[in-house]
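Working notes, structure below.
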Amino acid sequence: MKLVAPVLWLVASLGATTVAAAGVPSYRSALLSRLGFQADPSLCQDAAGMGNYLSVGGNPNSSIQVGIGTAAGKMSLLQCAKPEVAKLLLARSDLDIYTALFEAISTYNNQANVEKLLKRGADVNHQFPDGKTPLHLVSTIGIGQLLVTNGAEINALDQEGQTPLHTAAAYSTNRNIVKLLLAKGATVNARDRQGKTPLHLATSSPQNTETVRLLLANGAEATAKDKEGNTPLHGAFRQDIIALLLDKGADAQARRRDGRTPLSLAAQYAYPNAVELLLSQGADVNAQDAYGMTLLHWAARAPNPGVIKLLLDKGANINAQDKKGRTPLHTAAVASPYNTQEALELLVKNGANLQARDKEGNTPARLARKANFSEIVKFLKNHGAPE
């Protein structure tokens, strides 16, 4: 028995070539798996080899390499195994069925293995380390129906207080999952720990127009506020999603706790079409938030010339001051050392005060100097700005 460790070390050191020469690749894989090495991919297709591998202590939870430099990198033996090989693995009492279940659902969408693991005794409502259940992980309708049929809890909560409907609405472009959950009684306005509903999460995803439509048709509240005061409209930047929310009574001028509106966020993140649509609802182009910042301040912070021009055309005050006494030109001067000149030119051309000073006496040029944005300093001084 004292020779076991040296032998294992020798096998690992000499590698596949030496041991394969002995004609026992399945035994070699078993030994290497006990040292934490990956298994031989041929085992996935070889029932006899897998039997040998398991008989000498091979790890049923081992993995194989599926590609050098790929995102996945490895795959468990169970996921790569053909049916007769999978049967051997599933019979093992030391198979980590929940890791296998997680992988089958979230990585490979392997419905056959999910079904086998449930028959093997996996709890359909098992909670993974983050509190999510198998139903939280579903992205295909077949697996979703399988889990529901086997008793999956429709409104199970993970550690963030999110239900499967939250995760489906946020991450799945397959609206059939959302449809299935709603049909099985999912709470459409369930709140997570941050007070967000599935609609909050759906509206912030650019591919979720149909999911948003489906949630609204099933009673999702377009005016629901989370704990920070965000409505679903605060996270919506696609015109079609914004239009759906407005049609259901969403308030284009709703303010969250810091006073920011959906329009303010659209200006910050540079969505000109969203800005234009929200402005058409009668929003005040010069409204200030809790920081005293206007839409133009936020657009200058991006900085996005298209949004800046749109706001100026709508009557935005180019020299409005926030609570620090800073104008949009101050904001643009320190927004970024790159892609800023066009925004600065637009502000200067439209009458931005180059000599404006904030409450600490800083001009836009001085702030740029402090930020080491030398090109911006040069631009402003060339237009007559003092430091």
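In terms of the numbering used here, the sequence shown opens at residue 1497 and continues consecutively. We put the CB at the ideal spot given by N, CA and C, even for glycine.
Cα-Cα separation, residue i to residue j
i	j	result
ASP1654	ASN1815	48 Å
ARG1822	GLN1764	16 Å
PRO1660	ALA1786	35 Å
GLY1725	SER1572	44 Å
ALA1682	ASN1651	6 Å
ASP1818	ASP1854	9 Å
ALA1848	LEU1825	7 Å
GLY1553	PRO1625	28 Å
MET1546	GLN1690	48 Å
ARG1524	SER1635	Bear in mind that a pLDDT of 49 at ARG1524, under 50, signals an unreliable position, so the number given afterwards is only what the model happens to contain. Their Cα atoms are separated by approximately 37 Å.
ASN1704	THR1727	16 Å
TYR1767	VAL1803	7 Å
ASN1868	LYS1805	27 Å
GLY1755	GLN1784	8 Å
GLY1788	ALA1881	24 Å
LYS1820	ASN1714	45 Å
Short Cβ contact (8 Å threshold) for residue i with residue j
i	j	result
LYS1810	LEU1840	no
LEU1740	LEU1710	no
SER1716	ASN1685	Per the sequence shown, residue 1716 should be read as Ala rather than Ser. For ALA1716 and ASN1685, yes; Cβs fall inside 8 Å.
LEU1863	ALA1831	no
LEU1676	GLN1623	no
TYR1594	ALA1618	yes
PRO1860	LEU1842	no
LEU1586	LYS1612	yes
ALA1748	ALA1779	yes
ALA1812	THR1827	no
VAL1801	GLU1772	The residue you asked about is not Val; residue 1801 is Pro in the sequence shown. No; because the gap between Cβ atoms is not below 8 Å, this pair is not in contact.
ALA1666	VAL1674	no
ASN1670	ILE1637	yes
LEU1591	VAL1620	no
LEU1808	ASN1846	yes
GLU1871	PRO1833	yes
ALA1770	ALA1762	yes
Member of the options whose CA lies at the smallest distance from the CA of residue i
i	options	result
ASN1606	ALA1544, PRO1630 and ALA1665	PRO1630
HIS1730	GLN1777, GLN1658, SER1700 and PRO1758	PRO1758
SER1701	ASN1714, THR1663 and ILE1673	THR1663
ALA1746	GLN1541, LEU1539, HIS1696 and ALA1881	HIS1696
ASN1878	GLU1856, LEU1806, LEU1850 and GLY1857	LEU1850
SER1589	ILE1872, ILE1560 and ASN1555	ASN1555
ARG1752	ALA1796, LYS1744, LYS1723 and ASP1688	LYS1723
ALA1580	ALA1596, SER1559 and ALA1608	The question names Ala, yet the displayed sequence has Glu at residue 1580. When each option's Cα is compared against that of GLU1580, the closest is ALA1608.
SER1558	LEU1539, GLU1856 and ARG1687	LEU1539
SER1760	LEU1742, LYS1744, ASP1743 and ALA1796	ALA1796
Host alpha helix (DSSP H) of residue i (start-end)
i	result
LYS1570	Where LYS1570 is concerned, there is no enclosing alpha helix (DSSP H), although the beta strand (DSSP E) it sits in stretches over 1570-1572.
GLU1580	1579-1586
SER1870	1870-1878
MET1546	1543-1551
LYS1866	1860-1866
LEU1729	Unbroken run through LEU1729: none, as it is neither H nor E.
GLY1657	That residue, GLY1657, is in no alpha helix (DSSP H); it is neither H nor E in DSSP.
PHE1598	1593-1602
ARG1709	1705-1713
ARG1797	1791-1797
ARG1689	Unbroken run through ARG1689: none, as it is neither H nor E.
ASP1780	Run containing ASP1780: none; DSSP gives neither H nor E here.
LEU1841	Checking the sequence, you will find Glu at residue 1841 rather than Leu. That run of the alpha helix (DSSP H) goes 1837-1845.
GLU1611	1607-1615
THR1757	Where THR1757 is concerned, there is no enclosing alpha helix (DSSP H), given that its DSSP letter is neither H nor E.
Any non-hydrogen atom of the ligand GTP within 7 Å of residue i CB
i	result
GLU1649	The model depicted lacks the ligand GTP and carries no ligand whatsoever.
Any contact between the region 1645-1654 and the region 1583-1601? By contact I mean 3 or more CB pairs, one from each, below 8 Å. no
Can you find at least 3 beta carbon pairs, one from the region 1721-1738 and one from the region 1690-1710, that sit closer than 8 Å? yes
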